[in-house]
Each structure stands twice: as structure tokens, then as C-alpha cells.
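Asks: Sharing a structure below in C-alpha cells format, with a few things to ask.
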Amino acid sequence: MHRLRVFVVSLAVIVLLFACDRHHDDAPAVSPLAEHFGFSKDRPLIMGMNTSYAPLQYVDDQGVPSGYDTEFTKILMQRMGIPFTFSPNHWDKMSPGIIEGKYDLGMLVYSSYRKDKTNYSNAVFRLYYQIVYRQADYADFDFRHLRGKRIAYMKSRPIGLMLKDAEAEDVPITDLAEAFADLANGEYDGVICYRFQAKYNISQMGLEKVLQTDELSLEPREYCYASSNAELIDSINAELRRMEDAGIIDEVYGQEVVSQFDIITVPTWVWALLIVLTFLFLLIFGLNRYMLSKRLQLAYDQMAEKNDALQVANARAEESTRMKSAFIKQISHEIRTPLNILSGFTQLLAAPTGVLSDADKAEASQKVLESTDRITGLVDKMLELSEISSQTVLERADEVTPLRIAQEAVMASGIDEARHLTFSVQTEAGADVPFHTNLRSAVRIVELLLDNARKFTRPAEAYLAQTEQEPERKERVTMTVSQTGGVVRFVVEDTGIGVPRQEAEHIFDEFVQLDEYYDGTGIGLAVARSQARRLGGDVVLDTTYTTGARFVFSIKS
């Protein structure tokens, strides 16, 4: 009896020691690489791990580090010859501990927000998001309409920002198993987590008939080793490439669940017969259902496609008709006005001597010239419109300064002579540094933007025409010229009527005029953007400017 008690006590001690130190059983021989990093059996590498990140890493009921990550790390450290030990901790402390260097190594999801605080290895594998929800509440979870829904998620800045933008009630959590239980009890409308977490927790908690999952079209996250030691991460990257080539990563992480069934003593021929009959039945039934569903789906898709095409074609036809009518109306007005001026002043100039004084004749001649220039400019715009859909890249063979382009555009537009506004040019760094571009096209783009600013500050000009007096308040147009970071910018801002934020892109379409009471054909901005893009640049509306309108023409230098 005494010997039996001694044997039992000895066995218990051995089991206890095994349970406490089983993660050191395969402690690798100390390699020169480990010595280089200062690791030894007396000072092993400390691997931080999460106590509740099952099935990747967790502490089992015996207090032993477990999970796929622990098994993979053991293999990695053995191959590198680095003695190591696991240091389990809660996620809230483990993650900062890795970043702050309290642990030599750990495994984290890559975050661009923390890339400057720690060093990440190449991705061991990628994690995909799922939404988990109650089957009884939703036949199909509508992820596009989250407003007011209560969504729980493991702390993640991208997910949190996405939920706030969707006006959902976001609930950051640290215990995923508890969140799944709360979801089943109706505390949340959904839980966002990784695919493996959803599968593992639903299976462990027996919630297959209560909860279901849908994939989320969010960018997958990279699961990596992290350390404050960049050189250690470089060595790990080299070993990870070798392990991937050897198929070790797939071998460890490739299978998440192993199902086993109890042995049932049924004759083999009965199993074979049942399997064959079941297979034949399911095959015939499945083929019939498949063929029927395919025919129905095909008919439905064809009908829906034709219906969508008809709606699009009808909308385009209506929009085309409307825009054509508005364009013809505007062109008629734009041509008729200068023609009337030409006709009237030509008759006056042709009148017998003595009807007009020399000063009146000079003014009439000036009006004739202005009207002629207006018609010529309209014809030029029509010619430019014919090339608006061209993809041909414009040659950039002229070496000029941004300031020269601005000066020639001001002269061509005549904006500095407008009585209803105050115009100024501001130069910033690089405005007098030459670069290669197409001078004619660049000048034309800036001229169109200045012409647009002049037109849409016209209420003050109308006041001038009625009163022949200087207004109490003039509108303002400012052009800023700069060249920084390899980009030349021409910024034209005014204090005119402005452009609604929702029309920021629409105004660059052909024939678009937001206010029909102003002069113009609705093609100037479309031509400006087309030519800018053919030069390798662009023209955009700055929607942050609300005092009027601000257009930015940028081009690489």
C-alpha cells in the first residue's frame, strides 16, 4: 500500500510538471542567430499571446498556452534555433505590450495606424470579415442600411469608422464569446468578426440554429508577427518564406475543425446501398431543380436586363432632348446678341457724314470688334467641343513658367479690364520656375476658368450697365499660381454665385448650365477639363470653398 501511494504521488508530480512546462518540451538548441539577438535558455524570447483569441491562441482549462498560433510559433522558433516562452495576457494588455516592446514578439493584425510604432512581418495569412446575426430577425442581412442598428465588434479602428459613417450604434468589445451569447439573447443586431472566429464560436456554443453569417465586402486584414526589433522581423520574414515554400503554413492553419463520428455496427453492404440510393435520388432531384431554376433565373435576368436597358435608354433620351433644347436656345441667344450689335453699329457707321461724332464712331468701332471677338470665341468653343472626347495626349514641348501662362491667360480673357470686379494674381513658390507643357492649351484652360469667374459675378456688372456708376461693393476674383512637389497649380476663386456641392462633377458635362439667366453655352468647363486631362492634369471644383467658387487646375511639372 505504501508503494502504491508513493507511485501515485510521483505520477501526479510528473503530470503537473508536464502540464506547466509542456511548451518547453521542444526547446530548440541555441543557434548563432539567437545569440546574436541576445536570447539563450536563461533568457528566452518572450512571446506575448492572447488568453482568449480562440482558436488561434488561448489558454486552456489546464492553464497551458494552446491554439494554432502557439503550434506554428513552436515550429518557427525551432527552425530558427531560438529558445522561447509564452507570456499569456488579456488582449487589452498584450497588444500594447507588443507595441511598447514589453514582449520580444507577438502576433497582431496589421494596422496602418501602428506601422510607425512597431515592425510587422510579412502576412502569415489573411483574415476575412463576416457579419453574424439572428436567423429569426433577418432572412438576409442588409448591410447597406445600418442606421440605428446596434453592432458589436472587436476593437478595430477601420470597423469603428465604417459603422460611424453608416450611423450605426457601434459597440466595441473585448470578449467575443460573451458578445455571441448577447447576440443570441437579442442584445445586438449583429456582431462583426473574422470568419474563423464566427465559425469557431457558433460551433463551440451550439448556436447553428440560432445564428447565421454573411460575408462582408471589406478589405481582408493581414495577420503578422510584430516586434520592436526590426532585425528580428527581417529574420522571421526569411524563415516564413521558406516555411511557405515547404507548405508548413497551410499544414498548420489549413484545417480548423476535425469532426469524428462514433462507429455504428451496420453491415457494409447496407451502408453502400443507402449511399448509392441516396446519391441517385439527390442527383436526379438536384438536376431537375437546377435545370428549372436555371430556366427561371435566365428568363428573369433577361427580362430585368431589358427593363433596365429600356429605363436607362429612356432617361438618356429625355436628358439628351432637354440638353439639346437648352443648348440650341443658349447658342441662339449667344449668337443673336453680338449679331444685333454688329448690325446696329454697322448701320450707324454707314450713315451719312455728320450723324456720328468721331468719339461715337470710335465707340461703335470698338463694339463691333468686341462682338466680332465674341462670335469668334463662340466658334472656337464649338470647334474645341468636337475634340472633347478625344484621348490623344497633347505634346508638351514648350518650356515656360507658370507665371507666363497666367499672364497670357489674363490678357486673353480680358478679366483685368472688367469693371464689376477686382482681379488680382498671387504668386507662390515655384511660380517663376520653368517646366515643359503645351503653352497654347495651358493658356486656354486658365483663360476658360477666368472667363467662367467673370461671367458668374455678373449681377454687379448688370448694376453698372443700369446706373453707369461704380457699385458700392465689387466682386472679387483671385488667381493663385504655384509649383510645389512636382505639381503646378492654378487656383481661380471668385465671390460669385458659387456651385452647390452636389453639382461638383455635373458642371463638367457638356451643355450644363445651373442658372439659365447667365450668359454662356455650358461647354467652357467641359473643354477645360478635357484639355487638362490630355495634358496629364485635371480641373476640379474645391467644394470646401463656400464664398463663391474655387476651381483648381493642376498639372505635373
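Note that the working numbering has the sequence shown beginning at 428, numbered continuously upward.
Even glycine gets a Cβ: it sits at the ideal position worked out from N, Cα and C.
Treat the numbers as computed from the prediction; the structure is a model and nothing was measured.
(1) Please report the residue range of the beta strand (DSSP E) in which residue 829 lies.
(2) Identify the continuous alpha helix (DSSP H) that holds residue 668 and give its terminal residues.
(3) Beta-carbon within less than 7 Å of residue 836's beta-carbon, same chain only, minus the 5 sequence neighbours each way: which residues are those?
(4) Looking only at its chain, what residues have a beta carbon closer than 6 Å to the beta carbon of residue 610, apart from the 5 residues adjacent to it on each side?
(5) Would you call the segment 694-713 and the segment 572-583 touching, i.e. three or more CB-CB distances under 8 Å?
(6) Identify the continuous beta strand (DSSP E) that holds residue 560 and give its terminal residues.
(7) Have a look at residue 586 and residue 949 and give me their C-alpha separation to the nearest angstrom.
(8) Along the chain, where does the alpha helix (DSSP H) containing residue 459 start, and where does it finish?
(9) Roughly how many angstroms lie between the CA atoms of residue 796 and residue 831, to the nearest whole one?
(10) With DSSP run on the structure shown, which of helix, strand or coil describes residue 617?
(11) Within 10 angstroms of the Cβ of residue 493, are there 16 or more other Cβ atoms? Answer buried if so, exposed if not.
(12) Please classify residue 490: is it buried, with 16 or more other beta-carbons within 10 angstroms of its beta-carbon, or exposed?
(13) In the DSSP assignment, find the unbroken alpha helix (DSSP H) run with residue 628 in it and report its ends.
(14) Residue 854 and residue 908 - do their beta-carbons sit closer together than 7 Å?
(15) Go through the segment 898-971 residue by residue and report every complete run of the alpha helix (DSSP H) that reaches 4 residues or more, in order.
(16) Going by C-alpha distance, which of 941, 868, 974 is nearest residue 963?
(17) Identify the residues that DSSP records as bridge partners of residue 526: which are they?
(18) In whole angstroms, what separates the C-alpha of residue 448 from that of residue 511?
(19) In the DSSP assignment, find the alpha helix (DSSP H) that holds residue 868 and state where it starts and stops.
(20) Quick check: what's the CA-CA separation for residue 502 versus residue 655?
(21) So who's on the other strand from residue 642, going by DSSP bridges?
(22) When you compare the segment 643-663 with the segment 532-539, are there three or more beta-carbon pairs, one atom per stretch, that lie closer than 8 Å?
(23) Contact check, residue 616 vs residue 560 under 8 Å by CB: the rounded distance?
(24) According to DSSP, is residue 552 part of a helix, a strand, or is it coil?
(25) Exposed or buried, which one is residue 476 when buried takes at least 16 other CB atoms within 10 Å?
(26) Using a Cβ-Cβ cut-off of 6 Å (strictly less than) and excluding sequence neighbours within five positions of residue 971, which residues of its own chain qualify?
(27) Out of 497, 925, 983, 614, point me to the one whose CA is closest to residue 478's CA.
(28) Taking 6 Å as the cut-off, is the beta-carbon of residue 725 closer than that to any non-hydrogen atom of the ligand GDP?
(29) Taking buried to mean at least 16 other C-beta atoms within 10 Å of its own C-beta, is residue 718 buried or exposed?
(30) If you reduce the DSSP assignment to three classes, tell me which class residue 724 lands in.
(31) Check whether the Cβ atoms of residue 850 and residue 859 sit closer than 7 Å, and answer yes or no.
(32) Please state the DSSP three-state secondary structure of residue 687.
(33) Which word fits residue 838, buried or exposed, when buried means at least 16 other C-beta atoms lie within 10 angstroms of its C-beta?
(34) Assign residue 497 to one of three DSSP states: helix, strand, or coil.
(35) Is it true that the segment 660-668 meets the segment 541-552, where meeting means three or more beta-carbon pairs spaced less than 8 Å apart?
(36) Just confirm the distance between the C-beta atoms of residue 509 and residue 472, as a whole number of angstroms; I'd bet it's less than 8 Å.
Replies: By the coordinates alone:
(1) It is not in any beta strand (DSSP E) - residue 829 instead sits in the alpha helix (DSSP H) that spans 829-840.
(2) 657-672
(3) The residues are 870, 873, 874, 877.
(4) 618
(5) no
(6) 556-561
(7) 43 Å
(8) 459-463
(9) 26 Å
(10) Reduced to three states, the DSSP call for residue 617 is strand.
(11) buried
(12) exposed
(13) Following the DSSP letters along the chain, one finds residue 628 inside the alpha helix (DSSP H) bounded by residues 622-632.
(14) yes
(15) For the segment 898-971, whole alpha helix (DSSP H) runs of length 4 or above, ordered along the chain, are 951-961.
(16) Relative to residue 963, the option among 941, 868, 974 whose CA is nearest is 868.
(17) Residue 526 pairs with nothing; no bridge assigned.
(18) Caution is warranted here: a pLDDT of 45 is assigned to residue 448, below 50, making its placement in the model unreliable, and the coordinate value is therefore given only provisionally. Rounded to whole angstroms, residue 448 to residue 511 spans 12 Å at the Cα level.
(19) 866-882
(20) 22 Å
(21) Bridge partners of residue 642: 557.
(22) yes
(23) The pair is a contact, with the Cβ atoms about 7 Å apart (cut-off 8 Å).
(24) strand
(25) Residue 476 should be labelled buried.
(26) Around residue 971: no qualifying Cβ.
(27) Comparing Cα-Cα distances from residue 478 to each of 497, 925, 983, 614, the minimum goes to 497.
(28) Among the ligands in the structure shown, none appear at all, so the ligand GDP cannot be discussed.
(29) exposed
(30) helix
(31) no
(32) Only weak support is given to the placement of residue 687: the predicted model assigns it a pLDDT of 30, under 50, and the value that follows is read from those uncertain coordinates. Coil.
(33) exposed
(34) The answer is helix: DSSP assigns residue 497 an H, G or I state.
(35) yes
(36) 5 Å
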